[in-house]
Structure formats: C-alpha cells, structure tokens
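Step one of this worksheet: look at the structure below.
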Amino acid sequence: MSQTGQLFETRVVPVLVPLPAERPYSYAVPDGMEVAPGSIVQVPLGPRQVAGVVWDGATDRVDARKLRPITRVFDCPPLDATMRRFVDWVADYTLSPPGLVVRMALRAPAAFDPEAWIEGIEATGALPDRMTGARERVLAAASEAPAWSRSGLAHAAGVTPSVVDGLIRQGSFRGVRLPPPPAVAAPDKGYGRAELNADQRAGADALSETVAKGGFSTTLLEGVTGSGKTEVYFEAVARALDAGRQVLILLPEIALTQSFIDRFHARFGAPPAEWHSDVAPRQREKIWRQVAEGRVKVVAGARSALFLPFQNLGLIVVDEEHDPAYKQEERTFYHARDMAVVRGSIGKFPVILASATPSVETRVNAAAGRYGHVRLAGRFAEAAMPDLSLIDMRAAPPPRGRFVSPVLGKAIAETIQRGEQALLFLNRRGYAPLTLCRVCGHRFQCPDCSTWLVDHRLRGQLQCHHCGFAVPRPEACPECGTLDHLVACGPGVERIAEEMLTDFPEARTILLSSDLPGGARRLRRELDAIADGEADIVIGTQLVAKGHHFPMMTLVGAIDADLGLANGDPRAAERTFQLLHQVTGRAGRSGGRSSRGLIQTFQPEHPVMQAIASGDATRFYEREIAERERSGLPPFGRLASVIVSANTRKEAEEHARALRRAAAEDGDIEGLGPAEAPVAVLRGRHRFRLLVHATRRSPIQAFLRAMVAAAPRPRGSVQVQIDVDPQSFL
DNA sequence: AGCACGCCGACT
DNA sequence: GTCGGCGTGCTC
Numbered sequence: 001m002s003q004t005g006q007l008f009e010t011r012v013v014p015v016l017v018p019l020p021a022e023r024p025y026s027y028a029v030p031d032g033m034e035v036a037p038g039s040i041v042q043v044p045l046g047p048r049q050v051a052g053v054v055w056d057g058a059t060d061r062v063d064a065r066k067l068r069p070i071t072r073v074f075d076c077p078p079l080d081a082t083m084r085r086f087v088d089w090v091a092d093y094t095l096s097p098p099g100l101v102v103r104m105a106l107r108a109p110a111a112f113d114p115e116a117w118i119e120g121i122e123a124t125g126a127l128p129d130r131m132t133g134a135r136e137r138v139l140a141a142a143s144e145a146p147a148w149s150r151s152g153l154a155h156a157a158g159v160t161p162s163v164v165d166g167l168i169r170q171g172s173f174r175g176v177r178l179p180p181p182p183a184v185a186a187p188d189k190g191y192g193r194a195e196l197n198a199d200q201r202a203g204a205d206a207l208s209e210t211v212a213k214g215g216f217s218t219t220l221l222e223g224v225t226g227s228g229k230t231e232v233y234f235e236a237v238a239r240a241l242d243a244g245r246q247v248l249i250l251l252p253e254i255a256l257t258q259s260f261i262d263r264f265h266a267r268f269g270a271p272p273a274e275w276h277s278d279v280a281p282r283q284r285e286k287i288w289r290q291v292a293e294g295r296v297k298v299v300a301g302a303r304s305a306l307f308l309p310f311q312n313l314g315l316i317v318v319d320e321e322h323d324p325a326y327k328q329e330e331r332t333f334y335h336a337r338d339m340a341v342v343r344g345s346i347g348k349f350p351v352i353l354a355s356a357t358p359s360v361e362t363r364v365n366a367a368a369g370r371y372g373h374v375r376l377a378g379r380f381a382e383a384a385m386p387d388l389s390l391i392d393m394r395a396a397p398p399p400r401g402r403f404v405s406p407v408l409g410k411a412i413a414e415t416i417q418r419g420e421q422a423l424l425f426l427n428r429r430g431y432a433p434l435t436l437c438r439v440c441g442h443r444f445q446c447p448d449c450s451t452w453l454v455d456h457r458l459r460g461q462l463q464c465h466h467c468g469f470a471v472p473r474p475e476a477c478p479e480c481g482t483l484d485h486l487v488a489c490g491p492g493v494e495r496i497a498e499e500m501l502t503d504f505p506e507a508r509t510i511l512l513s514s515d516l517p518g519g520a521r522r523l524r525r526e527l528d529a530i531a532d533g534e535a536d537i538v539i540g541t542q543l544v545a546k547g548h549h550f551p552m553m554t555l556v557g558a559i560d561a562d563l564g565l566a567n568g569d570p571r572a573a574e575r576t577f578q579l580l581h582q583v584t585g586r587a588g589r590s591g592g593r594s595s596r597g598l599i600q601t602f603q604p605e606h607p608v609m610q611a612i613a614s615g616d617a618t619r620f621y622e623r624e625i626a627e628r629e630r631s632g633l634p635p636f637g638r639l640a641s642v643i644v645s646a647n648t649r650k651e652a653e654e655h656a657r658a659l660r661r662a663a664a665e666d667g668d669i670e671g672l673g674p675a676e677a678p679v680a681v682l683r684g685r686h687r688f689r690l691l692v693h694a695t696r697r698s699p700i701q702a703f704l705r706a707m708v709a710a711a712p713r714p715r716g717s718v719q720v721q722i723d724v725d726p727q728s729f730l
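At position 194 of the first sequence the residue is numbered 194 (the UniProt record's numbering), and the sequence of numbers has no breaks.
Written as structure tokens, this is what we have:
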C-alpha cells in the first residue's frame, strides 16, 4: 500500500461489466463522485470504455496497480435492488456469468444519458402588428395546447413553418424547452371496459383481487381460445395501473401483432410500449429510458422485455405461457416464463400465466396448489365453438400423390365459396420430407446425420433440418446417374400449397413458413393481412397456431396431425396436443358463424387425437401427468442439458466425451443420462446436447457444476452452455 | 464480448 | 521480405 493510499482512503466498489466475468470487477471511486449499488457507470476496460453497474457485496482484493477509476456516473435511474437480485438469481440458476446476464439489462447504450429536451415555442399573448388569415389560424391552433414544436404547430394550423417564424419574430411566440415526448401515451384504466359475462367477471375479479392484495403469487389463467382470456387479464392490468404500478405483458415474439396492440388500445385508449427485435434502435432506447424513469406504464414485449429496468413493476402477465419460444436457447439459456415467476417472487408482486393449453409443469404447479388456478369455462358465444372431427386417413385416403382428403377438399371449396377463409396446418417445412430415385431406389440423406434431406422447391435446395446442411436440388441421381427420375415422397407445406393452387386456381392462397424470405417483420404483416381478409386459403406450419385473431377463418384442416407423435421426445404428446388445440382454436372466433375443424390422422384412436376431437383438455392433462409418473419421468424439473458447441463436429464430440468421462469418474456426479442428442449445426457451429437429470438429493445445478468443473477446460472454439429445465420456484 | 498479441501461409 | 489468417488470453 503506497503512502498516498494510506493518507487518502480510496473508495473501491464492485462493478458488474457486460462480459462473461464470473464476478464484478473492482473500481476506484474518484474523490467527489457519488455512487451507490445500482448506479450505472462508465468504466475503463482494457482499451475501451464500457457501461457497468455498481454491484452489491464486498470487492475483490485487487492489485493496486490494476485498479482504475470509474470514468463517470450516468445521469440515469439506478438498477434497483430487486433487479440486482434478479440478475444474480438468473445467473446462479442458469449457471451463466452474472456479467452476461446484466448485459441483457443494459442493451440500450444511448439510453443511459437523459433524453434531449425539445426546442419548442409557447404563445406570449402578444398580437402581431399585422394580422393575416394564416396568422389567425396559427394563433387559434396554438391555444389548444400550452406549448408546441415549431413544425408541429405549423402542421396543426395548416400553414408553412415560415408563418410561425414570422410570428416568433413579431414576439407572439417565445422559445421554450420541452421535456422529451413520451414513448407512448399513458393508458387510461377506465377507457374501454369490456362487457364481461359472469364467468369472465368472476375470473377478472379473482385476478384483480390478487393484484389488489399485492405480494407475490402466481396464477394460471386457463381458458380455450375465444374465452376472453385477454379481456380478463386486462382487468388485472387495470387494477395494477390503478395502484400506480408498472405492468409487463410477455408474449411470444410472433404473437406481438397489430391485432394485439389494437385490442390493448381499444381497452386502454393508448397502445402499450412494444419491445421486440423489430423495434427500431432509437425507439428501443427511448422505451428503455422511460421504463427506467417509470414514465412508461405498460410494456408488451417478447422474452427479452423481462430484463427491462422497471422502477415500480407490479404485475407480469405471461400470455401463451406454454409457448416454447419463451425458452432462449443461445448465450444465456433461460425460460422467460419461469424467470417471470422469479421476478415476481423477488419483487413481491403477482404473476399471471395465461394459456388455452398450459404446459404440463404449470398444470402440475397449479394442481399442487403452488399456483392459483382461474378457469374460463367457455367461449363468448357458445355457438362459435368449432365443430371438430377426425378424418381417418386409412378409411378415406386422398388420391395417390395428394394429401388433402376428399372430405377436407370439399369443405375448403364450400368455405371459400361462402367468402370465408380456410386454414391448412401442416407442421413440416418445405415440399417433401424425402426424395428418392425411381430407378435405383437411392434416398437422399444428410452426410452428417441419419436423416433424409428435405426438398425445398422454393429455394431449389435439399436441406437437412437437423444440421442445416444443404445442396442444390439435383436433376440426376448421384447413384445411377439417371436424369429426371427423382420422386418426392410425402407432404410439406409447399406441396400442400401447390395442391391448393391446382384445385383452387382462382383462390388467393398464402403460404406461411418460418423459412420464407422476409423474416419476422414480413410474417407479422402477412398475419395482419390475413386477419383483414386478404386471403382465402392459408397454408402454414406451426407458426399459424400462435395467438392470432382471424375472424373470417371458419375452417381449419390439420394435415398429418399425428406427425409429431412419432419421435422419441418425452414432450411429444404434450406438444402435439398444444399445437392441434391452438390451431383448431383459430376457427370460429366470430360469434354466430358456424365453423369446423377437420383433423386428418392415421391413428384416430390415439389419446391425443381423442382428446383433441372431444375438446376435453382436462382429461388429456390428467392422463399425461399420470403417464409421466408411471414412466418414472418427473413431470417437470430436475432435468437439464449440457450443450457443447465448437467449430468442428470432432471438437464438440471430444469435449462431450470428456464431460461424460468426468461424470463417470466422479462418484458425486450422478444423473448423466444415456441420451445424447445428435449433433446440430447452428450458425456454423456444431452442437452436442447431453441430457442430465438430478437425483432427489440436491438441486440439479450442483451436478452440472461438478461435472463441468471436473472436465478438462474447453480448448479452441469449444464452448459449454447449460440449459436447465423448468422447476418449481417456491 | 471485444481487442491485442502471436505465430504460420500468399503477396503488394 | 511483409500482410493477415484466427487460436489464446485478458480485461478491475
């Protein structure tokens, strides 16, 4: 310790910086600088300056020569204690460095400095020397509000800005500084209260009471599509706003369409602030800042909105809580629904999980009494319930090479004749799942995986859906060289679209698939267009199942409905049930109009098909939970995977083996399952997934920590990430 | 995550 | 002889 160090006590604080550091770094606080835990600061890090957060707890003992001073404190509301605890909790639970978690909360670099004030003008009351018609209009328009922007006033008065300039010179207006305009208008909790039926009223009252009571709780809001879940939880939102709290509504990214925003707007007189990947950077920063200042009251966002720096969060609603899109499977692996519950628990406020088809783990939590359970019995209008039936494809097959059965084809014809819409759902991208040579029988297979290559005609490629391998569609068989004798086997959405174009050439047909060009933005636009009636036949993969409002959709057909039941995934039945239930729920949402759901299946006797046809979700869940118990699989929790990724398959494989060996040699590491998902390629990196399950003795994180610690340190491009399955948080 | 340092292949 | 590939290691 140097003499100056002894004479002038240097204050040292921990600062969490947004990089994969296991713990906060230590920084010196310059004389006269005020910082406290939560302060957002700028610190030197190597050659650059980064934003970090002053953290809690003791600082690392660090070499005085390394210690560098904080550059500045941003004029920005600090991250509050609950947010800091939340970051630490998520880091611990997901076994990721806290620095990477805090990074998710700091993703709005320009938002740490206050927004600039706007140059505006206000009327002085002085009249100009010479009055003109244009000047009169400007003065009249100006009286509508205390202050204006120069161009805004000109626009409102219907004159050019030079008229306003003239009035400024005449002294009728003076310059004034205006606070930055709000990102969104304030919601009005009493604006467009919906008419609720008795059932919905009871549900809304129960949720509102939970909100009014305050404190942490989790409630499952369960009700079929069209039962008015949204309107019901809007009442809880209104109650939280009434108490002066902020509200977060989480939605799967794809469900954040204009129609949701419109419904919110109709209820609260203003749209919510939107937070998803399509929001422009400037707007993102504005929203981040105003959320931190408590000026934005309601955010509707995708999973990343969970890390927004709310000042006064009082309610989180997780809509479509079963949706797999809530699980982030890159960088920091987390499940937004579960982390929402954790955030509620730390912040001591209620969380509402809404779904027509809850995940099994949420059902189990509700059944065990850990979560409250509010059920909405029926639809708004009972008549709007779709009439569901199974089509036995063994009894009534379509002609060879076709996949839409005559029964469904007839229903489509009738539907579009009436000017209504038909939706065909098939959960398989591309044109055909298998291509073979009619001469020698050669099947096109992925060189790295044991899977067929899927024919994608729109892209002119054969693709492996497992690892991303792709080749141009060949014309000749690579085995026997014969030209033009390759044949596509089985259906994909592209092929169904082709069938529809052949059968209904005059109909407006839209194909929706995640691999079509244009990305999320275009998809949202197309979905809104469909809702506006700009299509007759819609063919789509699972993305059409996700919470859209299609009032004209009176027929839903599921092609190959039992597709998902074949693979060995322990959640196959649950996923298939959820998908089919959601997709058939798209039908019959406009009251009065009769609607149908036709499900093509090769195994109509399967319990999932029976449950779908009967519309009895409860029976399905009870059976599924019992089934999992019988098979020894926990209904949820105590499961995890270790994901090893590397630039080459060999590297990834080698590290996966090392982890396996470490687990085998260390007696304390139990529960490394035999399963190992085949390698997948994601953005050029080869990934291995090892399944891990814990025994009853300790939380699964302990196994994972021990296993990763015992294995050799990753070398080269190798990276290890952990994905912990949903558990109970109470 | 950046960014610099460092050690092996094709070029102004 | 250098420019530059990305493997390795560090950042208070």
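From the three backbone atoms N, C-alpha and C, an ideal C-beta is built for every residue, glycine too.
Residue i and residue j look like a contact to me (Cβ under 8 Å); what is the Cβ gap, rounded to whole Å?
{"i": "Phe86", "j": "Phe112", "result": "That belief does not hold up - the Cβ atoms of Phe86 and Phe112 are roughly 19 Å apart, past 8 Å."}
{"i": "Cys489", "j": "Cys467", "result": "About 21 Å; that fails the 8 Å criterion."}
Among the options, which residue has its Cα nearest to the Cα of residue i?
{"i": "Val724", "options": "Arg457, Ile612, Asp338 and Thr509", "result": "Asp338"}
{"i": "Leu462", "options": "Gly430, Cys449, Gln290 and Cys477", "result": "Gly430"}
{"i": "Pro78", "options": "Asp262, Gly294 and Gly372", "result": "Gly294"}
{"i": "Leu639", "options": "Asp80, Leu423 and Pro699", "result": "Pro699"}
{"i": "Pro97", "options": "Ser717, Arg61 and Arg705", "result": "Arg705"}
{"i": "Arg103", "options": "Ala710, Asp129, Arg571 and Val15", "result": "Val15"}
{"i": "Gly214", "options": "Asn312, Ser143 and Leu45", "result": "Asn312"}
{"i": "Arg508", "options": "Ala497, Asp536, Met500 and Glu629", "result": "Asp536"}
{"i": "Tyr371", "options": "Glu574, Ser26 and Val341", "result": "Val341"}
{"i": "Arg177", "options": "Glu115, Arg169, Leu167 and Trp89", "result": "Glu115"}
{"i": "Cys449", "options": "Gly369, Ala677 and Thr332", "result": "Ala677"}
What separation, rounded to the nearest whole angstrom, lies between the Cα atoms of residue i and residue j?
{"i": "Gly175", "j": "Pro182", "result": "20 Å"}
{"i": "Asn197", "j": "Phe504", "result": "41 Å"}
{"i": "Thr10", "j": "Val41", "result": "17 Å"}
{"i": "Thr618", "j": "Glu627", "result": "14 Å"}
{"i": "Gln721", "j": "Leu353", "result": "28 Å"}
{"i": "Phe310", "j": "Phe444", "result": "52 Å"}
{"i": "Pro161", "j": "Glu136", "result": "14 Å"}
{"i": "Pro350", "j": "Gly314", "result": "7 Å"}
{"i": "Ala238", "j": "Thr210", "result": "13 Å"}
{"i": "Arg284", "j": "Val138", "result": "34 Å"}
{"i": "Pro491", "j": "Phe403", "result": "7 Å"}
{"i": "Leu207", "j": "Glu320", "result": "17 Å"}
{"i": "Arg713", "j": "Val279", "result": "39 Å"}
{"i": "Ala383", "j": "Ala356", "result": "Note that Ala383 scores 45 on pLDDT, short of 50, meaning its location in the model is unreliable and no value can be drawn from it."}
If you check the beta carbons only, do residue i and residue j fall under 8 Å apart?
{"i": "Ser277", "j": "Asp528", "result": "no"}
{"i": "Ile287", "j": "Trp275", "result": "yes"}
{"i": "Lys229", "j": "Leu376", "result": "yes"}
{"i": "His322", "j": "Pro271", "result": "no"}
{"i": "His686", "j": "Ala646", "result": "yes"}
{"i": "Val29", "j": "Thr59", "result": "no"}
{"i": "Ile121", "j": "Arg150", "result": "yes"}
{"i": "Ile496", "j": "Ile539", "result": "yes"}
{"i": "Ile510", "j": "Glu526", "result": "yes"}
{"i": "Val718", "j": "Ala652", "result": "yes"}
Using a Cβ-Cβ cut-off of 6 Å (strictly less than) and excluding sequence neighbours within five positions of residue i, which residues of its own chain qualify?
{"i": "Gly192", "result": "Ala266 and Arg267"}
{"i": "Met553", "result": "Gln421, Leu423, Arg586 and Ala587"}
{"i": "Asn427", "result": "Thr541, Gln542 and Leu563"}
{"i": "Ile391", "result": "Ser405, Val407, Leu598 and Gln600"}
{"i": "Val454", "result": "Gly430, Pro433, Gln463 and His465"}
Which residues in the same chain have their Cβ closer than 7 Å to the Cβ of residue i, if we skip the five residues on either side of it in sequence?
{"i": "Arg623", "result": "Pro607"}
{"i": "Arg303", "result": "Leu250, Tyr326, Gln328 and Ala336"}
{"i": "Cys477", "result": "Cys437, Val439, Cys440, His442, His485 and Leu486"}
{"i": "residue 733", "result": "Only positions 1 to 730 of the chain appear in the structure, and residue 733 is not among them; the question remains open."}
Beta-carbon within less than 8 Å of residue i's beta-carbon, same chain only, minus the 5 sequence neighbours each way: which residues are those?
{"i": "Val291", "result": "Gln246, Ala273, Val299, Leu308, Pro309, Phe310 and Gln311"}
{"i": "Ala147", "result": "Gly120, Ile121, Glu122, Val176 and Leu178"}
{"i": "Asp242", "result": "Lys189"}
{"i": "Thr451", "result": "Gln445, Cys464, His465 and His466"}
{"i": "Pro18", "result": "Val50, Ala51, Gly52, Gly99, Leu100, Val102, Arg103 and Leu106"}
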